[in-house]
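Taking it in order: structure first as structure tokens, then the write-up.
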Amino acid sequence: MTVLANPQLWAGTLSLAVPLAFPAIGGTFSERTGVVNIAMEGIMLVGAFFAVACSHWTGSAWLGLLAAMAAGGLVSWVFAWAAIRIAADQVVLGMAINFFGAGITAFLLNTIFGYNGTPTTTPSLPMVTIPALAHVPVLGWFFHQQSILVYLMLAVVIASHWFLFHTRLGLRMRAVGENPLAADTLGLNVWRLRYTGVIIGGILSAVGGAYLSIGILNSFDVNMTNGRGYIALAAMIFGKWTPFGSFGAALLFGFASSLGNALQGNQVPTDLLAMLPYALTILALAGLVGRSTAPAADGIPYLPNR
Amino acid sequence: MNKFWRNALRSIGMPLLASLFAIVIGGIVVAAIGYNPLVVYGSLISGAFGNLYNLGTTLSGATPLILIGLGIAIAFRAGLFNIGADGQYWVGAMVSVWIGYHFTHLPGLPHILLALLGGMLAGGIWGGIVPGLTKAYLGAHEVITTMMMSYIGIFLVEYMIEEQNAPMRQPGSFPVSPPIAGNTQLATFLPLNVFQQAQLSVGLWIALAAAVVVWILLQKTTFGFQVRAVGFNQRASRYAGIRVPLYTVLTLGISGVFAGLAGGVQMLGVQHQLNDSFASQYGYTAIVVSLLARNNPFGCILSGIFFAALNTGGQNMQQVSGVPASLTDVLTGLIIFFVAAERLIPVLRAWARRRSPGRRSHPADEGGTLA
Numbered sequence: 000m001t002v003l004a005n006p007q008l009w010a011g012t013l014s015l016a017v018p019l020a021f022p023a024i025g026g027t028f029s030e031r032t033g034v035v036n037i038a039m040e041g042i043m044l045v046g047a048f049f050a051v052a053c054s055h056w057t058g059s060a061w062l063g064l065l066a067a068m069a070a071g072g073l074v075s076w077v078f079a080w081a082a083i084r085i086a087a088d089q090v091v092l093g094m095a096i097n098f099f100g101a102g103i104t105a106f107l108l109n110t111i112f113g114y115n116g117t118p119t120t121t122p123s124l125p126m127v128t129i130p131a132l133a134h135v136p137v138l139g140w141f142f143h144q145q146s147i148l149v150y151l152m153l154a155v156v157i158a159s160h161w162f163l164f165h166t167r168l169g170l171r172m173r174a175v176g177e178n179p180l181a182a183d184t185l186g187l188n189v190w191r192l193r194y195t196g197v198i199i200g201g202i203l204s205a206v207g208g209a210y211l212s213i214g215i216l217n218s219f220d221v222n223m224t225n226g227r228g229y230i231a232l233a234a235m236i237f238g239k240w241t242p243f244g245s246f247g248a249a250l251l252f253g254f255a256s257s258l259g260n261a262l263q264g265n266q267v268p269t270d271l272l273a274m275l276p277y278a279l280t281i282l283a284l285a286g287l288v289g290r291s292t293a294p295a296a297d298g299i300p301y302l303p304n305r
Numbered sequence: 000m001n002k003f004w005r006n007a008l009r010s011i012g013m014p015l016l017a018s019l020f021a022i023v024i025g026g027i028v029v030a031a032i033g034y035n036p037l038v039v040y041g042s043l044i045s046g047a048f049g050n051l052y053n054l055g056t057t058l059s060g061a062t063p064l065i066l067i068g069l070g071i072a073i074a075f076r077a078g079l080f081n082i083g084a085d086g087q088y089w090v091g092a093m094v095s096v097w098i099g100y101h102f103t104h105l106p107g108l109p110h111i112l113l114a115l116l117g118g119m120l121a122g123g124i125w126g127g128i129v130p131g132l133t134k135a136y137l138g139a140h141e142v143i144t145t146m147m148m149s150y151i152g153i154f155l156v157e158y159m160i161e162e163q164n165a166p167m168r169q170p171g172s173f174p175v176s177p178p179i180a181g182n183t184q185l186a187t188f189l190p191l192n193v194f195q196q197a198q199l200s201v202g203l204w205i206a207l208a209a210a211v212v213v214w215i216l217l218q219k220t221t222f223g224f225q226v227r228a229v230g231f232n233q234r235a236s237r238y239a240g241i242r243v244p245l246y247t248v249l250t251l252g253i254s255g256v257f258a259g260l261a262g263g264v265q266m267l268g269v270q271h272q273l274n275d276s277f278a279s280q281y282g283y284t285a286i287v288v289s290l291l292a293r294n295n296p297f298g299c300i301l302s303g304i305f306f307a308a309l310n311t312g313g314q315n316m317q318q319v320s321g322v323p324a325s326l327t328d329v330l331t332g333l334i335i336f337f338v339a340a341e342r343l344i345p346v347l348r349a350w351a352r353r354r355s356p357g358r359r360s361h362p363a364d365e366g367g368t369l370a
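Taken in sequence, the protein lines are chains Y and W. Mind the numbering: the first sequence is residues 0 to 305 in numbering that gives the first Met the number 0, read in order. Mind the numbering: the second sequence is residues 0 to 370 in numbering that gives the first Met the number 0, read in order.
Written as structure tokens, this is what we have:
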């Protein structure tokens with residue numbers, strides 16, 4: 000049990016949760032308004048690539064982050080347009096975005112930066128240790144040398160919850176995801192609210208991607224998200240389409256992965272430890288959480304006859 | 000023209016149109032960065048189909064895609080999304096290889112059948128037991144469970160060969176299993192030397208036969224009817240007396256059986272042993288195979304060949320024209336996008352009509368019917 004007193008375990012938990020929590024909350028925004036979003040993986044890759052590219056070109060990692068958000072917003076705008084305006088099948092569309100994102104980032108990486116990868120001089124986002132937090136006994140372990148995006152994530156979790164459940168716009172977005180016809184009858188603009196949800200989701204997913212490329216590293220690699228977008232999808236469902244739930248699921252995942260890392264070097268083979276997060280998720284899903292019910296109108300295009 | 004042919008034409012026409020759109024956009028992109036699109040696409044096509052060897056390589060690559068795609072299509076028909084076929088493929092591959100290098104006293108054909116059955120069973124268990132039962136009785140979302148089981152499966156197979164003294168590892172410095180017995184290797188698709196070089200095995204015949212089996216299963220049997228009924232309307236199916244939980248387990252299991260069979264066929268026909276080739280990700284490409292085929296078994300054959308062609312052709316394209324092979328992933332994304340956006344054309348037409356003065360669009364024109 001000494002492993003539980005290892006500060007790196009807890010710092011790792013939080014750090015590994017970030018690239019899952021952002022897209023999971025992003026997906027929550029999208030699906031709460033009634034648009035099934037499995038495109039997080041592709042949007043994350045796009046975000047990760049443009050974060051590095053613009054960070055390199057402008058010399059500022061913050062501009063890189065902005066570029067990632069813009070690129071993620073743009074891709075999700077196209078996604079939203081096809082899903083909402085022309086009522087395309089949202090699952091198929093999501094897979095399309097995932098393939099497109101993987102392809103276009105690899106393609107741009109090779110045509111712009113050649114086959115040697117992105118420049119090693121690319122600036123990355125700052126690491127921050129808040130002195131007041133770092134010296135609190137257990138809590139300090141979590142916040143040792145974390146990327147600035149870790150703190151942003153915590154803010155986003157709280158802000159998203161407040162926005163979705165305590166503001167008028169949030170209520171309207173959820174209404175559109177549950178019963179668009181009723182919402183439309185009451186004068187809400189179903190399509191515009193859905194656009195808002197999907198694009199907020201895309202921006203958040205792209206930040207999750209940027210965390211991988213300029214948060215903990217300063218480079219982009221082909222397919223560097225490595226399935227995190229799909230795990231974020233799982234975290235979103237696991238978290239029952241709520242920001243806190245998504246964050247909790249991301250933390251659980253981060254903890255299990257971090258535990259696997261911390262236990263490395265013991266007798267247990269690495270591959271068996273690597274199964275831990277996935278096995279834990281199934282157990283938790285089957286045992287604790289049970290039936291997760293999507294927003295009622297999730298995935299159903301709304302086509303008013305006007 | 001009867002209904003069958005009209006459906007066939009429609010289910011081929013839309014994906015063709017989508018591919019055409021994607022190819023044109025891809026061509027514009029390629030031209031914009033200073034390459035000649037004709038040269039680029041020429042090298043792509045000749046790399047995929049240019050000679051018998053390239054054709055053989057393409058068809059060999061298509062074999063696992065068709066098989067897994069069929070399984071995913073069955074699940075889609077029941078309204079279930081089997082996103083974890085990759086793990087089912089690998090677990091199937093593992094069991095087939097294990098049987099392949101044990102039981103060496105068996106004669107060839109029974110040994111092959113045993114190995115393939117083992118792979119199918121393993122894939123079926125991987126897809127059916129945990130994802131199926133938790134979906135049917137606990138309501139756990141199959142997208143999560145199949146994917147989680149997929150990762151677990153791949154790590155399990157990796158564990159089997161990765162470290163020294165791993166259970167299935169052949170002593171030596173490479174993470175590989177022992178090779179399967181010589182008489183379990185699948186024969187060549189057609190007795191041609193060039194197909195042997197291209198590693199095109201009778202696995203393709205198996206894939207083609209599987210498509211027929213799936214078509215009969217889905218269209219001509221009560222079981223298939225009930226699977227489709229569950230996919231169409233779960234509540235109505237339940238009131239009609241269909242045991243929805245049972246069908247959930249069975250459908251996810253059968254979906255896994257095909258992925259496991261693909262793993263077995265690939266091991267017996269091409270790789271002949273387990274090695275560290277987990278990046279192939281057939282399970283994910285197979286999702287788009289069944290999407291492009293719109294879950295039609297015969298469509299899966301065509302779209303499986305199509306995506307395999309993009310893959311083999313893409314490598315040739317990179318060598319010949321210098322355009323990165325990842326362009327084919329961009330094309331894949333665009334094709335799937337346009338397949339999904341099938342209502343693009345009526346919407347554009349309605350827009351154009353509205354813009355042109357003197358004509359009013361009829362509201363019903365906008366979009367037509369929902370698919």
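Virtual Cβ for every residue (Gly too), placed ideally from N, Cα, C.
Of all the options the options, which has the alpha carbon lying nearest to the alpha carbon of residue i?
| i | options | result |
| --- | --- | --- |
| proline 323 of chain W | W:Val28, W:Gly91 and W:Met147 | W:Val28 |
| alanine 278 of chain W | W:Met159, W:Pro130, W:Tyr150 and W:Ala114 | W:Tyr150 |
| tyrosine 371 of chain W | W:Glu341, W:Arg353 and W:Gly321 | Limits of chain W in this structure are 0 at one end and 370 at the other, which puts residue 371 of chain W out of reach. |
| serine 352 of chain Y | Y:Gly200, Y:Thr128, Y:Ile129 and Y:Ala105 | Summary: the structure shown does not reach residue 352 of chain Y, with chain Y confined to residues 0 through 305, and so no result is reported for it. |
| asparagine 315 of chain W | W:Ala30, W:Ile344 and W:Ile44 | W:Ile44 |
| valine 372 of chain W | W:Ile98, W:Phe102, W:Gln265 and W:Phe75 | Not covered by the structure: residue 372 of chain W. The range shown for chain W is 0 to 370. |
| threonine 284 of chain W | Y:Phe98, Y:Leu151 and Y:Ala283 | Y:Phe98 |
| alanine 77 of chain W | W:Leu207, W:Phe102, W:Arg353 and W:Arg242 | W:Arg242 |
| isoleucine 22 of chain W | W:Glu341, W:Thr331 and W:Val193 | W:Thr331 |
| leucine 191 of chain W | W:Leu51, W:Ala349 and W:Trp350 | W:Leu51 |
| alanine 314 of chain Y | Y:Thr224, Y:Asn178 and Y:His143 | Shown here, chain Y extends from 0 to 305; a query on residue 314 of chain Y therefore has no answer. |
Please report the residue range of the alpha helix (DSSP H) in which residue i lies.
| i | result |
| --- | --- |
| isoleucine 128 of chain W | Note, isoleucine 128 of chain W: premise wrong, no alpha helix (DSSP H); not H, not E. |
| glutamate 141 of chain W | 141-161 |
| methionine 39 of chain Y | 39-57 |
| glutamine 196 of chain W | 192-196 |
| aspartate 270 of chain Y | 269-273 |
| alanine 180 of chain W | That residue, alanine 180 of chain W, is in no alpha helix (DSSP H); it is neither H nor E in DSSP. |
| leucine 64 of chain W | 51-76 |
| histidine 160 of chain Y | 147-165 |
| tyrosine 34 of chain W | Careful: tyrosine 34 of chain W lies outside any alpha helix (DSSP H) and carries neither H nor E. |
| phenylalanine 277 of chain W | No alpha helix (DSSP H) holds phenylalanine 277 of chain W; DSSP gives it neither H nor E. |
| isoleucine 233 of chain Y | Inspection of the sequence shows that residue 233 of chain Y is occupied by alanine rather than by isoleucine. Unbroken alpha helix (DSSP H) run through alanine 233 of chain Y: 227-237. |
Can you list, in chain order, the residues of its chain whose CB lies under 6 Å from that of residue i, leaving out five sequence neighbours each side?
| i | result |
| --- | --- |
| threonine 280 of chain Y | none |
| leucine 369 of chain W | Reliability fails at leucine 369 of chain W, whose pLDDT of 40 lies under 50, so the model's placement of it is uncertain and no value is given. |
| glycine 83 of chain W | Thr145, Met146, Met148 and Ser149 |
| arginine 359 of chain W | For arginine 359 of chain W, the predicted model reports a pLDDT of 48, less than 50, meaning its position is unreliable and no value from the coordinates is stated. |
| leucine 203 of chain W | Leu58, Thr62 and Phe188 |
| phenylalanine 3 of chain W | none |
| isoleucine 299 of chain Y | none |
| arginine 272 of chain Y | Note on residue identity: the sequence assigns leucine, not arginine, to residue 272 of chain Y. Hits under 6 Å: Gly259 and Leu262. |
With a threshold of 7 Å on Cβ separation, who are the neighbours of residue i within its own chain once the five nearest residues in sequence on each side are excluded?
| i | result |
| --- | --- |
| asparagine 310 of chain W | Gly60 and Thr327 |
| asparagine 260 of chain Y | Gly11 |
| phenylalanine 49 of chain Y | Ala66, Ala67 and Ala70 |
| glutamine 317 of chain W | Pro323 and Ala324 |
| alanine 86 of chain Y | Pro300 and Leu302 |
| serine 245 of chain Y | Ala20, Ala23, Ile24, Thr27, Ala234, Met235 and Gly238 |
Assuming residue i contacts residue j under a Cβ cut-off of 8 Å, what Cβ separation, rounded to an integer in Å, is found between them?
| i | j | result |
| --- | --- | --- |
| isoleucine 153 of chain W | valine 96 of chain W | So it is not a contact: roughly 15 Å between Cβ atoms. |
| isoleucine 37 of chain Y | glycine 100 of chain Y | Not really, about 12 Å apart at Cβ, beyond 8 Å. |
| phenylalanine 219 of chain Y | alanine 47 of chain Y | 6 Å |
| glycine 68 of chain W | serine 276 of chain W | The pair is not a contact, with the Cβ atoms about 19 Å apart (cut-off 8 Å). |
| alanine 60 of chain Y | isoleucine 213 of chain Y | 5 Å |
Leaving out the 5 sequence neighbours to the left and right, which residues in its chain are closer than 8 Å to residue i when beta-carbon positions are compared?
| i | result |
| --- | --- |
| valine 201 of chain W | Leu185, Ala186, Thr187, Phe188 and Gly268 |
| glutamine 198 of chain W | Gly55, Thr56, Ser59, Gly268 and Val269 |
| glutamate 365 of chain W | Reliability fails at glutamate 365 of chain W, whose pLDDT of 42 lies under 50, so the model's placement of it is uncertain and the value that follows must be treated cautiously. Once the five neighbours on either side are set aside, the close Cβ partners of glutamate 365 of chain W are Pro345, Val346 and Ala349. |
Would you say the beta carbon of residue i comes nearer than 8 Å to a heavy atom of the ligand ATP?
| i | result |
| --- | --- |
| alanine 339 of chain W | The ligand ATP is not among the ligands present in this structure, which contains no ligands whatsoever. |
Taking beta-carbon pairs under 7 Å, can you tell me which members of the segment 108-131 of chain Y lie near chain W?
Asn109 and Thr110
Looking at chain Y, which residues of the segment 326-346 of chain W have a Cβ within less than 9 Å of any of its Cβ atoms?
Leu326, Thr327, Asp328, Val329, Leu330, Thr331, Gly332, Leu333, Ile334, Ile335, Phe336, Phe337, Val338, Ala339, Ala340, Glu341, Arg342, Leu343, Pro345 and Val346
Could you please tell me which residues of the segment 172-196 of chain Y, in chain order, have their CB closer than 7 Å to any CB of chain W?
none
Using a beta-carbon distance cut-off of less than 7 Å, what residues from the segment 277-292 of chain W approach chain Y?
Ile286, Val287 and Leu290
Mind listing which residues of the segment 110-143 of chain W have their C-beta closer than 7 Å to chain Y's C-betas, in chain order?
Val129, Thr133, Leu137, Gly138, Ala139, His140, Val142 and Ile143
Interfacial residues, the segment 267-282 of chain Y to chain W, with Cβ spacing under 7 Å
Pro268, Asp270, Leu271, Ala273, Met274, Tyr277, Ala278, Thr280 and Ile281
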